[in-house]
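Participant:
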Amino acid sequence: MLKGRSILAALLLMTSLSSAHGQKYSMEPINAPPEADAVSEELRKKFATEGIRIKRGTRRTVCEIWFCNEWSVDAEFKPTNERLYPFSPGQLIGLLHFTRRGSDFRDQTVKRGWYTLRFALQPVDGNHEGTSPTRDFLVMVGAENDAPDREWDLMDLMTTSAQAAGSTHPAMMCLQRSTEDSATTIRHEESNDWWILHVVGNGTDTDRTESVPVDLIVAGHATE
73 MLKGRSILAA
83 LLLMTSLSSA
93 HGQKYSMEPI
103 NAPPEADAVS
113 EELRKKFATE
123 GIRIKRGTRR
133 TVCEIWFCNE
143 WSVDAEFKPT
153 NERLYPFSPG
163 QLIGLLHFTR
173 RGSDFRDQTV
183 KRGWYTLRFA
193 LQPVDGNHEG
203 TSPTRDFLVM
213 VGAENDAPDR
223 EWDLMDLMTT
233 SAQAAGSTHP
243 AMMCLQRSTE
253 DSATTIRHEE
263 SNDWWILHVV
273 GNGTDTDRTE
283 SVPVDLIVAG
293 HATE
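Using my numbering, you'd call the opening residue of the sequence shown number 73 and step up by one each time.
(1) Terminal residues of the continuous beta strand (DSSP E) containing S250?
(2) Looking only at its own chain, which residues have a Cβ that is under 7 Å from the Cβ of D253, when we skip the five neighbours before and after it?
(3) Report the partner residues of G214 according to the DSSP bridge assignment.
(4) Give the DSSP-derived three-state secondary structure of E58 in the structure shown.
(5) For F37, which residues from the same chain have a beta carbon less than 6 Å from its beta carbon, with the 5 sequence-adjacent residues on both sides left out?
(6) Please determine, among D287, V272, I289, S98, the residue with the shortest C-alpha to C-alpha distance to T281.
(7) Going straight from the alpha carbon of P242 to that of E216, what length do you get?
(8) For S233, report the span of its alpha helix (DSSP H) as first-last.
(9) Around the C-beta of V284, are 16 or more other C-beta atoms found within 10 angstroms, so that it is buried, or is it exposed?
(10) Is the distance from the Cβ of M237 to the Cβ of Q194 below 8 Å?
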């Protein structure tokens, strides 16, 4: 669950900047859980009852996101320059809703609908060099094809995610190095024209709960 008495209070501090291409992105609270007729009850229980809407300009909704109430984390994890987050490959992180056709970090078209977001690591090979400074990603899976406690074989996860984009490559969102801000914000990274959502969630291991900041590119694409 996002930190604070309410996500609404944090979102009142929202940041909205103009990009080099004249586009302007912002965020606003969704004071409701995911739609009951769109997502199974067992999935809905995993997510916060409040979400975040990403907007372009004053009217167009880019996407809507609900994060998990809590994330399991590896207490022994130490971040590196290439791997930033203490999550396990395949782990459920959130839920994404495209109210109209959207796109992923590779600029693949993704049809409107509901998608679970699961953690994944970009392969270390020549095919992905230069696409991102880190290996941390979230891949989209059609919510109708997923369940909260499903343990995905990673090859099956990639194949199923690719179906969201109607291609051979998974539909993905890129994670970035997190800031230390305690509020929910959106910022513009000018050099790549990326808009990055920053949230702070609850991470749990066997005997404690800790704050886990997450920074996710919600608008913008890989430069290569």
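Just so you know, even glycine gets a beta-carbon here, dropped at the ideal spot from N, CA and C.
Facilitator: Quick answer:
(1) Looking at the DSSP string, S250 is not in any beta strand (DSSP E), and its letter there is neither H nor E.
(2) H270
(3) Y187
(4) In this structure the chain extends from 73 to 296, so residue 58 is not present and cannot be described.
(5) Not covered by the structure: residue 37. The range shown for the chain is 73 to 296.
(6) V272
(7) Straight-line Cα distance between these residues: approximately 17 Å.
(8) 226-237
(9) buried
(10) Sequence inspection shows Ala at residue 237; the Met mentioned does not correspond to that position. Against a cut-off of 8 Å, the Cβ pair of Q194 and A237 comes out as no contact.
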